[in-house]
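Worksheet for the structure shown next.
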Amino acid sequence: MSETRGKRSFLRRSDDWRYKLSSFADQRLAANASVTMMGDLAAVG
Numbered sequence: 107m108s109e110t111r112g113k114r115s116f117l118r119r120s121d122d123w124r125y126k127l128s129s130f131a132d133q134r135l136a137a138n139a140s141v142t143m144m145g146d147l148a149a150v151g
């Protein structure tokens, strides 16, 4: 149960981070950051 809650809060945080990034960065930079984040998640997983 706690694992699911942690996952949900992480997703909410990543969405918030992406929203903030797109507010001051262009879409290409945001896309690059998303790819980098996916790579980091894969490395951690």
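In terms of our numbering, the sequence shown has 129 at position 23, counting the first letter as 1, and numbering is strictly consecutive. Even for Gly, the Cβ is constructed at its ideal location relative to N, Cα and C.
To which residues of the same chain is Leu135 closer than 7 Å at the C-beta, ignoring the five residues directly before and after it? Contacts found: none.
Let me make sure I understand the geometry here. Which of Ala149, Met143 and Asn138 has the alpha-carbon closest to that of Ser120? Checking every option, the nearest Cα to that of Ser120 belongs to Met143.
Excluding the 5 residues flanking Gly145 on each side, which residues of the same chain have their C-beta closer than 8 Å to its C-beta? No residues qualify anywhere along the chain.
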